[in-house]
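Reading through the structure tokens given below for one structure.
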Amino acid sequence: MKILKTLVAVGIASFIMTGCGSSNKVTPANMKNIVDTSKENIKISSKVPYAKNSRVSHAIKNECNIQSQITEYTKSYSEGNDLNVTIDDAPSSSDMVVKTTITNAVSRGNAFLGHRKYISIKSELYKNGKLLSTMHAARQSGGGFMGGFKGSCAVLGRSAKALGKDVANWLKNPIDNAYIGNTRLIRR
118 MKILKTLVAV
128 GIASFIMTGC
138 GSSNKVTPAN
148 MKNIVDTSKE
158 NIKISSKVPY
168 AKNSRVSHAI
178 KNECNIQSQI
188 TEYTKSYSEG
198 NDLNVTIDDA
208 PSSSDMVVKT
218 TITNAVSRGN
228 AFLGHRKYIS
238 IKSELYKNGK
248 LLSTMHAARQ
258 SGGGFMGGFK
268 GSCAVLGRSA
278 KALGKDVANW
288 LKNPIDNAYI
298 GNTRLIRR
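Residue numbers for the sequence shown, in our numbering: 118 to 305.
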């Protein structure tokens, strides 16, 4: 019995010390801030495009507004981070630009059986046409409180909101090759 207790304690301690299974791949060596974005006017497109190789269903593309929601939430949360993000679909080559693409979006389940939705994105930060930093993020949602009364697009909207916040927080400190959120969903 004493051996069993010791093994359980060691197992719990090792789980805690490994970050509880964290999926973020940021290491101390690359955690320095690449660029000071606080003094920049960062441009973002009005709609986040789907990646060319994404397999997002036509239902999501035609019925949900996640493309514009990610942009709107990125802009909104950036203002809270004291960043100047403006929507511009034709930025100049000298501007600082964040290019975000939706790499995947999945809508499984329903209100009766439970929602299982997620969106994954890739964001790239450019200045004068030069790539400065890249990040990958994914967020999943089951609908939250009263999720059984929400439609699929509303649940995907929760993921879009979380991703907008992720992009805004990353822009505050654009660590290169950052993996944020539920990135275990992203196939590398």
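By construction, the Cβ of each residue, glycine as well, lies at the ideal position given by its N, Cα and C atoms.
Alpha-carbon spacing of residue i relative to residue j, whole angstroms
{"i": "ILE187", "j": "GLU157", "result": "20 Å"}
{"i": "LYS178", "j": "ARG275", "result": "16 Å"}
{"i": "GLY298", "j": "TYR194", "result": "16 Å"}
{"i": "THR300", "j": "THR218", "result": "15 Å"}
{"i": "THR144", "j": "ILE204", "result": "At THR144, the pLDDT of 42 sits below 50, so the modelled position is not reliable and the matter cannot be decided from this model."}
{"i": "ASN245", "j": "ALA295", "result": "22 Å"}
{"i": "THR154", "j": "HIS175", "result": "36 Å"}
{"i": "TYR190", "j": "VAL202", "result": "11 Å"}
{"i": "ASP199", "j": "LYS239", "result": "22 Å"}
{"i": "SER162", "j": "SER185", "result": "9 Å"}
{"i": "VAL284", "j": "ARG172", "result": "22 Å"}
{"i": "SER209", "j": "ASN286", "result": "24 Å"}
{"i": "ALA222", "j": "LEU242", "result": "22 Å"}
{"i": "ASN290", "j": "VAL152", "result": "8 Å"}
Presumed contact (8 Å Cβ cut-off) between residue i and residue j, rounded CB distance
{"i": "ASP236", "j": "LEU280", "result": "It is worth fixing the name first, because residue 236 is Ile in this sequence and not Asp. At roughly 6 Å, the Cβ-Cβ gap stays under 8 Å, so ILE236 and LEU280 are in contact."}
Endpoints, the beta strand (DSSP E) within which residue i is located
{"i": "ARG256", "result": "247-258"}
{"i": "THR203", "result": "201-204"}
{"i": "ILE159", "result": "158-161"}
{"i": "ALA295", "result": "295-298"}
Spatially closest choice to residue i from the options, by CA coordinates
{"i": "ILE183", "options": "PRO166, ILE159, ARG172, ASP283", "result": "PRO166"}
{"i": "GLU180", "options": "SER269, ASN221, ALA285, GLU241", "result": "SER269"}
{"i": "ARG256", "options": "LEU249, SER250, ALA271, LYS278", "result": "LYS278"}
{"i": "VAL272", "options": "ASP283, THR251, SER224", "result": "SER224"}
{"i": "LYS282", "options": "VAL173, GLU196, ARG172, LEU249", "result": "GLU196"}
{"i": "ILE159", "options": "SER258, ALA254, LEU249, THR220", "result": "LEU249"}
{"i": "THR220", "options": "MET252, ILE292, SER211, VAL214", "result": "MET252"}
Endpoints, alpha helix (DSSP H) assigned at residue i
{"i": "ASN286", "result": "269-289"}
{"i": "LYS192", "result": "183-197"}
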